[in-house]
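Colleague:
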Amino acid sequence: MRDRVRPPLQRSDHLNSGRLFFRLEEPSRRIQLLRKTLLAAVALIGIALGVLYLAGLGAFGQHESPGNVSLTPRPADSLQTTTERVQGAATDIGVAQSKQILFGDLHVHTTFSFDAFMMSLPSRSSEGSHPPADACDFARYCSALDFWSINDHAEQITPRHWQETIESIRQCNAVAGEGENPDTVAFLGWEWTDIGTTPENHYGHKNVVLAHTDAERIPTRPIAASSTVERARAGLAQVSTPMIGALALASGSSRVQDLARYFAERRDLDLCEDDVNVRDLPGDCLETAATPSDLFRKLDQWDVDSMVIPHGTTWGFYTPPGSTWDKQLAQEHDPNRQTLFEIYSGHGKSERYQDFRAVEYDAAGKIRCPEATEAYTPTCWRAGEIIESRCLAEGTEAKECAGRAAVARQNAVEAGGQNHLTVPGARPADWLDAGQCRDCDQPAFNYRPGGSAQYVLAIGNFEDPEKPKHFRFGFMGSSDNHFARPGTGYKEVNRHGFTESREQDPNASLLGGILLPDPVEPVAESKPFNPDDPTTGFALFQLERQSSFFTTGGLIAAHATGRDRDSVWQALERKEVYGTSGPRILLWFDLINPPGTRGLPAPMGSEVEMSRTPIFQVRAVGSYEQRPGCPEYAVSGLGPKKLDHICKNECYNPSDRRRLISRIEVVRGRPQVTADEDVTQLIEDPWRSFRCQPDPSGCAITFTDPEYEQAGRASLYYVRAVETPQPGINADNVRCTDDAEGQCIEAHLCTEAEDECLELQEPVAWSSPIFIDPPQKTAYRAIR
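Numbering (my numbering), first residue to last: 823 to 1606.
#1: Should A1256 be labelled buried (16 or more other beta-carbon atoms within 10 Å of its own) or exposed?
#2: So, at 6 angstroms on beta carbons, what are the nonlocal neighbours of C1094 in its own chain, with the 5 sequence-adjacent residues on each side left out?
#3: By alpha-carbon positions, which one of G868, I1414 and H885 ends up nearest to S1076?
#4: Assuming A996 contacts T1006 (C-beta within less than 8 angstroms), just tell me the rounded distance between them.
#5: Going by beta-carbon coordinates alone, are E1164 and I1551 separated by less than 8 angstroms?
#6: Using only CA atoms, which one of R1226, S965, T987 and A1008 lies nearest to D1386?
#7: Starting from R1317, trace the alpha helix (DSSP H) in both directions and tell me its first and last residue.
#8: Do you know whose CA, among D1252, Q1232 and H1318, lies nearest S948's CA?
#9: For S1219, which three-state DSSP category applies?
#10: Using the Cα positions of G1401 and L1538, report the straight-line distance between them to the nearest angstrom.
#11: Give the C-beta separation of Y1446 and P1476 to the nearest angstrom, bearing in mind that I take them to be a contact with Cβ-Cβ under 8 angstroms.
#12: With distance defined between alpha-carbon atoms, name the residue in A1280, T1374, H1467 and G1404 nearest to D1498.
#13: If you measure between the beta carbons of E1322 and F1267, is that distance less than 8 angstroms?
#14: Quickly, what does DSSP pair Y1539 with across the bridge? List them, please.
#15: Taking the straight line between their C-alpha atoms, what separation do you get for G1564 and P1250?
#16: Thinking C-alpha only, which one of W970, H975, A1346 and T1020 is nearest W1014?
#17: I'd like to check one pair, Y1277 with A966: are the Cβ atoms closer than 8 angstroms?
#18: Using a Cβ-Cβ cutoff of less than 7 angstroms, which residues in the same chain neighbour S1115 once the five nearest sequence positions on both sides are dropped?
#19: DSSP state of F843, grouped into three classes?
#20: First and last residue of the alpha helix (DSSP H) that includes M941?
#21: Is it right to say R1481 is buried, meaning 16 or more other beta carbons lie within 10 angstroms of its own, or is it exposed?
#22: What does the alpha-carbon distance come out to for the pair D1595 and F1525?
#23: Alpha carbon to alpha carbon, how far is A1082 from P1064?
#24: Hey, W1147 and P1041 are a contact pair by Cβ (cut 8 angstroms); roughly how many whole angstroms apart?
#25: Buried or exposed for Y1183, please, with buried defined as at least 16 other CB atoms from any protein chain shown within 10 angstroms of its CB.
#26: How about P981 and P888: are their beta carbons less than 8 angstroms apart?
#27: Kindly indicate which residue of D1560, R1367 and V1235 has the alpha-carbon position closest to the one of E1574.
#28: In terms of alpha-carbon separation, which member of T1020, F1411, W970 and R1055 lies closest to A918?
#29: If I follow the unbroken beta strand (DSSP E) through M1432, where does it start and stop?
#30: In three-state DSSP terms, what is D1507?
#31: Below 7 angstroms CB to CB, which residues in the same chain sit around D1261 once its five sequence neighbours on both sides are set aside?
#32: Are there any heavy atoms of the ligand COA lying less than 7 angstroms away from the beta-carbon of T1559, as far as the coordinates show?
#33: Taking all protein chains shown into account, do 16 or more other C-beta atoms lie within 10 angstroms of the C-beta of Q765, making it buried, or fewer, making it exposed?
#34: Express the C-alpha separation of Y1084 and A1533 in angstroms, rounding to a whole number.
#35: Spatial neighbours of R851 within its chain, please: C-beta separation below 8 angstroms, excluding the five flanking residues on both sides.
#36: In this structure, does DSSP put W1391 in helix, strand or coil?
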């Protein structure tokens, strides 16, 4: 059989065969290509998510370090000159055997605090990090303070930051030397920052200051306010790690990446158990206290020398409308630890009591808006005025507009501290001076008179008729500065940095467009406040209005037997202290005829029992005019770069010329002896006023209270030494244009970045009160 010969393949046959092969191979290659593409995409997405997650964990940011304390103390001859000047002024004004007067600031924050850290984020007025070391350098070289304390918010202090704070304070003291003549004494402390939602659960802010810095006499960790910790943890839980990472990466800012690291270090911090003795708790948990009594209980368990100083007591930024200090006197006070009261800070004065309230209640207990008076316009009332004026401008009938105004007032009063959010599209200046104390000089924003020093000292608690309770505070001032700058009030310069005022243009801040809500068109109807609205953002805080109320802050002055730590602490415990609005006014206030002292006077802060007419003596000497710039020891100690970053090239730099004391005012208070006494009738401000001769050596007066014996009840007296007017930052707050009746018709807020907003002010020093009681057998007489 012949083999069959296969004919050769034609070219077309090759092509057809190849086509068939590729037709079979093509789907497989496409699948492989698609698979590779998908795998690459997944890998890229995974890498991107990983990067976002790492960024959210702060992997690309830096831990907020404590910084490095500069190693050169102030020269001994500078300290000697200061001491001799004070002693010389005391001798010239007739003070015998004077103690030293030392100036300090017991309320300072660094970028370990969250709010201070946020201020350090990129903006036109941002300065970046200001850690604890900066606070030491500022106190030593810039403000030349004799003592100061660090008071970062405990709610944000991690165990690591607490240990770094301790070490930084120790380094500061090591440079000073712990002997009898340190150039500055640094105290360790923190702030317990409670913010309630109603008057019933609000207790406010209190600084805890510790006497010592050795390990055996300080707590293992600070004690935070439960309410603020819970709020912060809930807020942080709503923001995922990748979201924080996305913000950090999108910002292109290393400082925002540091913020992500800051968040990450706090996200997983465990809370300490509440029912366990503080000494038995682990060292790495976050300890909290829900109320002041809880705070005092825990401090008792630690059993270390400490004091608790309330502050911001009239500041309506965080204090709910209608709040008073009555409930704190009843159950939330420790008279052994809580002995001083911050009467002035960079947030304004908390001194004067005025008989107005931001809210009131009807017979059924329903909240309502009080009517406006010549002295005070409640913010809720102004909300009604704004809505009514818009309504009338649209041509709507007056009756309808009045109805809308009533609704607006009720919406606003029910919104509490967020009442400004019930008027859509309202500009900050539209509120004029609503909510402010018109008859006060440099008051705190949205003034709450139930927390004023005068009200606090006047009220009594009579739950136990045999043991009525009263507050007996000494007075002090502070800065409450959040740029690690204790004692900024020596010069009225650098509004951005020496006060809490910030750039208010949202476009000027990296996060402004994210954290501030979009503008809303003004309409002629109010809306209820929705606390769950996520678009509200930082609008809750009325930052632009508040910027007109921030000042350079005050000081505490101590009459101490020496410059060392123990001498300063003993002066604080004696309440032999006074506050100033910033300048270093010298002030002595004594009861010169106390019984049983063999002619020795009882100084400010004293509590004396006597039946005869008290005789008082006051001596005051004005502060030094300041030279521009910084003394040579600050320039050489810090160097040009640090001098600019920390001091902003302006330091305490006294000349030889003293300012004049223009007058001395005396305030008399008579604490309640029955619960129904009207507090307004118990406060006399001023009770007496004395004009001073224009004498650079100061002013001295003597006065008596001939009504004391006949009154048959306890009295307290404190004095204000007032200097001649000087320009001051935000001295006139909202800078109103008034009509013929004295009512504000236009507000000029302090918002321009280059404007220092200087207006004339009268610098002042407040003595601690002297408390005088009749003998125990005397029957108290109420004032009706």
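Glycine is no exception: its CB is placed at the ideal position from the N, C-alpha and C atoms.
Modeller: This is what the structure gives:
#1: A residue is called buried once 16 or more other Cβ atoms fall within 10 Å of its Cβ, and A1256 is buried on that count.
#2: Result list for C1094: L1103, C1107 and E1109, in chain order.
#3: The candidate whose alpha carbon is nearest that of S1076 is H885.
#4: So it is not a contact: roughly 12 angstroms between Cβ atoms.
#5: No.
#6: Put simply, of R1226, S965, T987 and A1008 the residue whose alpha carbon is nearest the alpha carbon of D1386 is A1008.
#7: Start and end: R1317 to F1320.
#8: Ranking D1252, Q1232 and H1318 by Cα distance to S948 puts H1318 first.
#9: One detail in the question is off: residue 1219 reads as Glu in this sequence, not Ser. Reduced to three states, the DSSP call for E1219 is coil.
#10: Going from the Cα of G1401 to the Cα of L1538 covers about 17 angstroms.
#11: The beta-carbon distance between Y1446 and P1476, rounded to whole angstroms, is 4 angstroms. This is short enough to meet the 8 angstroms contact definition.
#12: D1498 has its Cα closest to that of A1280, out of A1280, T1374, H1467 and G1404.
#13: Not in contact: E1322 and F1267 (Cβ atoms no closer than 8 angstroms).
#14: DSSP, once it has assigned bridges, lists R1490 and I1592 as partnering Y1539.
#15: Computed Cα separation, rounded: 21 angstroms.
#16: Of the candidates W970, H975, A1346 and T1020, the one whose C-alpha sits nearest the C-alpha of W1014 is H975.
#17: The answer is no: Cβ separation not under 8 angstroms.
#18: Q1153 and E1154, listed in sequence order.
#19: The predicted position of F843 is uncertain, since its pLDDT is 47 and thus under 50; no value can be drawn from it.
#20: Unbroken alpha helix (DSSP H) run through M941: F936 to M941.
#21: Here R1481 is buried: its Cβ has 16 or more other Cβ atoms, across all protein chains shown, within 10 Å.
#22: Rounded to the nearest whole angstrom, the CA to CA distance from D1595 to F1525 is 18 angstroms.
#23: So the alpha carbons of these two residues sit roughly 10 angstroms apart.
#24: The C-beta distance from W1147 to P1041 rounds to 26 angstroms, too long to meet the 8 angstroms contact threshold.
#25: Exposed: under 16 other Cβ atoms inside 10 Å.
#26: 8 angstroms or more divides the Cβ of P981 from the Cβ of P888.
#27: That would be R1367, whose Cα lies nearest to the Cα of E1574.
#28: That would be F1411, whose Cα lies nearest to the Cα of A918.
#29: Careful: M1432 lies outside any beta strand (DSSP E) and carries neither H nor E.
#30: D1507 falls in the strand class under three-state DSSP.
#31: Cβ neighbours of D1261 beyond the five flanking positions: Q1176 and A1197.
#32: In the structure shown, the ligand COA is absent, as is every other ligand, since no ligand is present at all.
#33: With the chain covering only 823 through 1606, there is no way to say anything about residue 765.
#34: Distance between the alpha carbons of A1533 and Y1084: 59 angstroms.
#35: In its own chain, leaving out the 5 sequence neighbours on each side, no residue places its CB closer than 8 angstroms to the CB of R851.
#36: In the structure shown, W1391 sits in a helix (DSSP, three-state: H, G or I).
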